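Start counting the sequence shown at 3; every next residue gets the next number (our numbering).
Okay, so here's the structure we're looking at.
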Amino acid sequence: MKTKIDERKNIIISLKPTYGDRNKGIEKRIQYLKSFSFINIILCILSGGIVTFSIMADLIGNNLFKWEKMGLLAIMSLSVILNLPNSLFELKLLKHFKKINDKIDVEGIVDLNNDLKCIIDKLNNRIKNNWIVIVFSLLIMIMGIWQMLYENNNPYWEYMKFPILLFYVIILTKFMITNKKLQYNINESEKIL
């Protein structure tokens with residue numbers, strides 16, 4: 003008979019891995035995700051920060067980081083920012099899995115398990131639940147490639163400042179909302195255990 007803790011473990015394991023192989027074991031997977039997330043956070047701050055600073059500097063007339071040269075960096079920040087939230091969620095869930103792994107069955111986590119399943123289902127259905135992010139990603143990628151290949155012949159690159167900033171805001175907002183729900187669910191279930 004499956005206990006509620008076993009059900010919770012199965013829900014956590016149902017999350018599609020962001021990077022690498024899931025079969026390495028939980029401890030190795032946690033270490034891998036920690037190091038990979040750390041590198042991604044650094045790259046995200048650097049690339050996203052330079053692109054954002056370039057946009058702000060261009061708006062006030064400072065040409066320290068030329069906006070015309072930001073096509074490659076915009077694409078790089080896009081690729082890093084898209085996967086960072088999911089790897090952080092996966093790391094958080096695997097740490098939680100490790101904490102509950104040796105626990106016996108407990109009553110009162112049925113609703114928490116249902117909520118966790120909803121959160122993970124949304125994370126697993128990335129295309130269906132993130133269509134606006136996909137549209138912005140494609141737009142940024144196409145315009146970034148066009149800008150890289152034809153540096154002075156892309157008249158629309160000047161208008162990409164707002165969509166790129168809006169893309170960053172959408173990703174950050176979605177991350178904060180999901181992270182808050184996930185952290186609440188984990189905290190409440192660990193209180194019961």
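Using N, Cα and C, we set each Cβ at its ideal position, and we do this for glycine too.
Values in this document were obtained by computation on a predicted structure and should not be read as measured data.
Mind checking if Met58 is an interface residue toward chain D, Cβ cutoff 8 Å exclusive? Annotation note: the requested chain D is absent from the structure, which comprises a single protein chain.
Span of the alpha helix (DSSP H) around Thr54: Along the sequence shown, read from residue 1 onward, the residue named residue 54 stands at position 52. Looking at the DSSP string, the run of the alpha helix (DSSP H) that includes Thr54 is 28-62.
Just mark Leu66 as buried or exposed, buried being the case when its beta carbon has 16 or more other beta carbons within 10 Å. As a working note, residue 66 is residue 64 in the sequence shown. Answer is exposed; the Cβ neighbour count stays below 16.
Note down the Cα distance separating Lys101 from Gly27, rounded to an integer number of angstroms. The residue given as residue 101 occupies position 99 in the sequence shown. The residue given as residue 27 occupies position 25 in the sequence shown. Those two C-alpha atoms are separated by around 15 Å.
Would you call the CB atoms of Gly50 and Tyr161 closer than 8 Å? Residue mapping note: residue 50 aligns to position 48 of the sequence shown, counting from 1. Residue mapping note: residue 161 aligns to position 159 of the sequence shown, counting from 1. No.
On a Cα-Cα basis, can you pick out the residue from Leu96, Ala76, Asp107 that is closest to Leu141? Locating residue 141 in the sequence shown gives position 139, where the first residue counts as 1. It is Ala76.
Hey, how far is the Cα of Gln205 from the Cα of Gly73? Residue 205 lies beyond the range of the chain shown here (3 to 195); nothing can be said about it.
Quick test of your reading: Leu125 and Phe177, contact by CB under 8 Å. State the CB separation rounded to the nearest angstrom. Mapped onto the sequence shown, residue 125 falls at position 123. Mapped onto the sequence shown, residue 177 falls at position 175. Not quite, the Cβ-Cβ distance comes to about 11 Å (not below 8 Å), so this is no contact.
Please classify Asn64: is it buried, with 16 or more other beta-carbons within 10 angstroms of its beta-carbon, or exposed? The sequence position of residue 64 within the sequence shown is 62, counting from 1. When all chains shown are included, Asn64 counts as exposed.
Using only the alpha-carbon positions, how far apart do Gln185 and Ile7 sit? Here residue 185 refers to the residue found at position 183 of the sequence shown. Here residue 7 refers to the residue found at position 5 of the sequence shown. Going by the C-alpha atoms only, they are around 18 Å apart.
Tell me the residue span of the alpha helix (DSSP H) that contains Ile67. If you number the sequence shown from 1, residue 67 lands on position 65. Reading off the sequence shown, one finds Phe at residue 67, where the question assumed Ile. No alpha helix (DSSP H) contains Phe67, which DSSP labels as neither H nor E.
Measuring only the C-alpha atoms, how far is Val135 from Phe164? Translated into positions along the sequence shown, residue 135 becomes position 133. Translated into positions along the sequence shown, residue 164 becomes position 162. Each residue's Cα considered, the two are about 14 Å apart.
Please state whether the Cβ-Cβ distance between Ser202 and Thr175 is less than 8 Å. Residue 202 falls outside the range modelled here, since the chain spans only 3 to 195, and no answer is possible.
Supposed contact pair Leu93 and Leu168 - C-beta distance, whole angstroms, cut 8 Å: As a working note, residue 168 is residue 166 in the sequence shown. As a working note, residue 93 is residue 91 in the sequence shown. Between Leu168 and Leu93, the beta carbon gap of about 27 Å keeps them out of contact (Cβ cut-off 8 Å).
For Val137, count the other beta carbons within 10 Å of its own beta carbon; 16 or more makes it buried, fewer makes it exposed. Which is it? Here the question's residue 137 lines up with position 135 in the sequence shown. Exposed, by the Cβ-count rule.
Ile173 versus Ile13, Ile57, Leu86, residue with shortest Cα-Cα distance: For the purposes of this step, residue 173 is taken as the residue at position 171 of the sequence shown. Ile173 has its Cα closest to that of Leu86, out of Ile13, Ile57, Leu86.
Span separating the alpha-carbon of Glu9 from that of Leu84: Here the question's residue 9 lines up with position 7 in the sequence shown. Here the question's residue 84 lines up with position 82 in the sequence shown. Looking at the two C-alpha atoms, the distance is approximately 29 Å.
Which term fits Met78, buried or exposed, when burial requires 16 or more other beta carbons within 10 angstroms of its beta carbon? Taking the sequence shown and counting its residues from 1, one reaches residue 78 at position 76. Buried, because 16 or more other Cβ atoms sit within 10 Å of the Cβ of Met78.
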